[in-house]
Every structure is written in C-alpha cells, then in structure tokens.
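Below is one structure, written out as structure tokens; the observations come after it.
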Amino acid sequence: MEGLAEHGGDADIMANNAHFITANAGGAPVVIVRDDRGTPVTKLELPAEKSKPEHADEELSAAGWSRQADWSAADDGWVVPVVPS
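So the sequence shown is residues 1022 to 1106, counted in our numbering.
Written as structure tokens, this is what we have:
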C-alpha cells in the first residue's frame, strides 16, 4: 500500500479491486485488495460476524482504501474497484 501512496499523479496509480470473500472454507471473512495484475497488495481478516459488504467498507476505510462503486456479487462474496484514500 505504501508504494501506491508514493505515486505522484493519477496516471501512475494502478487499478485496484477489493474482493470480499465471505465463503471462506471454515475460515473468517477476508478482504483482499489486488492491483491490475491480480497481485495482492492488502489482505484484511475480519471477525466471523462481519459478513456483509458494509463491514468490509469499514475495514477498507480503516486500512486506507475507498470504494469507487457499488459492490458486485461474486461466486464467493463481493468485488469492487478501490483507490487509496
């Protein structure tokens, strides 16, 4: 995440997507932010009771990310484009 904050202009910032995985086999929900190449740049583990997109919003914000659109349903949770706050 620090590397993205060091970029000087918007043209340098990569497209990032947050994947909120709620159907983690026996594990807690997680939010993984990936860059435009699919490389994970941030991973946030949430308590088991935080299983809704609004819970993921809180965690993303606390980690320095802002959602750019509404969450879209995925097979195992939700996805959304994000930018550094």
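Where is the CB? At the ideal position from N, CA and C, for every residue including glycine. Just so it is clear, the structure is predicted and the values come from calculations on it, not from any experiment.
- Message: Quick check on the DSSP output: the beta strand (DSSP E) that includes Leu1065 runs from which residue to which?
- Response: Its beta strand (DSSP E) spans residues Pro1061 to Glu1066.
- Item | Contacts around Pro1061, its chain only, beta-carbon distance under 8 Å, and the 5 residues preceding and following it disregarded | Within the same chain, Pro1061 has close Cβ partners Ile1053, Val1054 and Arg1055.
- Item | Spatial distance of Glu1027 from Val1101 (CA atoms) | Only weak support is given to the placement of Glu1027: the predicted model assigns it a pLDDT of 39, under 50, and the value that follows is read from those uncertain coordinates. Those two C-alpha atoms are separated by around 23 Å.
- Message: On the criterion of 16 or more Cβ atoms from any shown chain inside 10 Å, does Pro1074 qualify as buried, or is it exposed?
- Response: Only buried fits Pro1074, as 16 or more other CB atoms lie within 10 angstroms of its CB.
- Would you call Glu1023 buried or exposed, if buried means 16 or more other Cβ atoms sit within 10 Å of its Cβ? Residue placement at Glu1023 is flagged as unreliable, the pLDDT there being 39, under the threshold of 50; a coordinate-derived value is accordingly withheld.
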